[in-house]
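Undergrad:
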């Protein structure tokens with residue numbers, strides 16, 4: 313009963329955020345509503361670890377479904393130059409987070425995860441698997457996301473507009489694919505449970521790799537209804553809302569402008585890298601900048617479409633970086649943190 317009431321409160325907050333067109337309403341609305349409830353009425357809210365794991369799997373499936381047969385062939389000529397600039401952006405981001413942790417009271421792993429250019433859901437999964445302060449990671453990533461959503465589309469629309477888009481970017485509709493492929497999603501969950509102690513963010517990475525690989529070779533997976541992915545985001549919001557404390561908010565408040573400054577610096581850097589990348593491989597300036605920009609895959613692809621860039625190239629290249637962030641970064645970060653604690 314307590315879990316049901318918690319979800320009801322979270323849903324009300326999410327619907328309010330959704331009606332106001334706030335970004336990530338199903339996560340941030342739930343967190344805000346539960347925090348407000350805990351402050352004003354009662355701290356007696358709860359969350360479910362099982363539902364959280366299932367939600368991570370659903371989000372991994374959602375990322376995997378974004379792959380197509382053309383995802384890798386589309387970016388073939390640009391792969392190695394893009395890999396270089398993506399690696400630079402990621403390394404600089406992690407270094408920034410590490411340096412902030414040196415003079416602040418924020419743990420190194422939390423600070424570094426708070427600065428990487430990845431989506432909020434993936435960052436939450438990484439933070440959870442590395443036992444970082446997921447609440448702080450969420451707050452600082454939200455600041456980065458807000459900076460990206462306001463600055464990059466504005467600059468792209470006013471300074472990078474290149475006329476009609478080169479390609480369209482469409483979202484998959486529910487259905488399609490054989491219904492029995494749903495069993496593969498279930499299999500992803502049990503495999504993630506088995507490997508969760510060995511693979512960082514296993515509940516996101518394993519379904520993303522399996523579903524993405526099958527999609528890339530032309531094996532059509534059943535497209536789950538959007539309501540399930542909304543529920544997954546709501547569940548992450550419930551889990552974060554249950555964990556968040558006033559102390560976390562106060563701690564984050566001291567450093568919000570620091571992480572905002574880092575986000576703006578990263579955006580400016582991405583414009584420079586994007587320009588060099590576009591001249592190197594021969595894509596348009598808008599396509600180059602939006603491919604390198606530290607924004608979400610969907611947001612950058614839609615922005616590319618609206619300003620006349622190539623959304624197919626942008627989404628494919630952003631997907632490559634997403635793979636790096638959710639597969640390579642956790643392994644490297646875990647190794648770095650273990651080595652650092654060992655040498656102390």
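Residue numbers (the numbering used here): 313 to 656.
Using N, Cα and C, we set each Cβ at its ideal position, and we do this for glycine too.
Exposed or buried, which one is residue 445 when buried takes at least 16 other CB atoms within 10 Å?
TA: Label assigned to residue 445: buried.
Undergrad: Counting along the chain, where does the alpha helix (DSSP H) carrying residue 282 start and finish?
TA: Residue 282 cannot be examined here, being either before or after the span of the chain that is shown, 313 to 656.
Undergrad: For residue 494, which residues in the same chain have their Cβ closer than 6 Å to its Cβ, ignoring the five residues on either side in sequence?
TA: Only 534 meet the Cβ criterion.
Undergrad: To test your reading of the DSSP string, which unbroken alpha helix (DSSP H) runs of 4 or more residues are found completely within the region 389-461?
TA: DSSP runs (the alpha helix (DSSP H)) wholly in the region 389-461: 391-415, 420-425 and 432-441.
Undergrad: Looking only at C-alpha atoms, which of 589, 596, 548 and 373 sits nearest to residue 361?
TA: Residue 361 has its Cα closest to that of 548, out of 589, 596, 548 and 373.
Undergrad: Determine the closest residue to residue 398 out of 354, 519, 426 and 584, with distance taken between C-alpha atoms.
TA: Cα-wise, what sits closest to residue 398 is 584.
Undergrad: Going straight from the alpha carbon of residue 651 to that of residue 645, what length do you get?
TA: Distance between the alpha carbons of residue 651 and residue 645: 10 Å.
Undergrad: Determine the direct distance from the alpha carbon of residue 502 to that of residue 369, and round the result to whole angstroms.
TA: Those two C-alpha atoms are separated by around 10 Å.
Undergrad: Please classify residue 332: does DSSP put it in a helix, a strand, or coil?
TA: Three-state result, residue 332: coil.
Undergrad: Exposed or buried, residue 509, counting other C-beta atoms within 10 Å across all chains shown (16 or more means buried)?
TA: Exposed, because fewer than 16 other Cβ atoms sit within 10 Å of the Cβ of residue 509.
Undergrad: What residues in its chain sit with their C-beta under 8 Å from that of residue 341, if we drop five residues either side in the sequence?
TA: Excluding residues within five positions, the ones whose Cβ falls inside 8 Å are 322, 325, 326, 327, 328, 329, 330, 334 and 549.
Undergrad: Would DSSP call residue 379 helix, strand or coil?
TA: It is coil, neither helix nor strand.
Undergrad: For a quick check, are the C-beta atoms of residue 578 and residue 456 less than 9 Å apart?
TA: Yes, these two residues count as a Cβ contact at 9 Å.
Undergrad: I think residue 564 touches residue 428, with their Cβ atoms under 8 Å apart; what is that distance to the nearest whole Å?
TA: Between residue 428 and residue 564 the Cβ distance is about 17 Å, and since that is not below 8 Å, they are no contact.
Undergrad: Determine, using beta carbons only, whether residue 554 and residue 357 come nearer to each other than 9 Å.
TA: It is a contact, given that the beta carbons lie within the stated cut-off.
Undergrad: Please classify residue 483: is it buried, with 16 or more other beta-carbons within 10 angstroms of its beta-carbon, or exposed?
TA: Residue confidence is low: residue 483 scores 45 on pLDDT, short of 50, so the model does not pin down where it sits. Its coordinate-derived value is still stated next. The residue is exposed, with fewer than 16 neighbouring Cβ atoms inside 10 Å.
Undergrad: Could you please give the first and the last residue of the uninterrupted alpha helix (DSSP H) stretch that includes residue 350?
TA: Run containing residue 350: 337-352, per the alpha helix (DSSP H) assignment.
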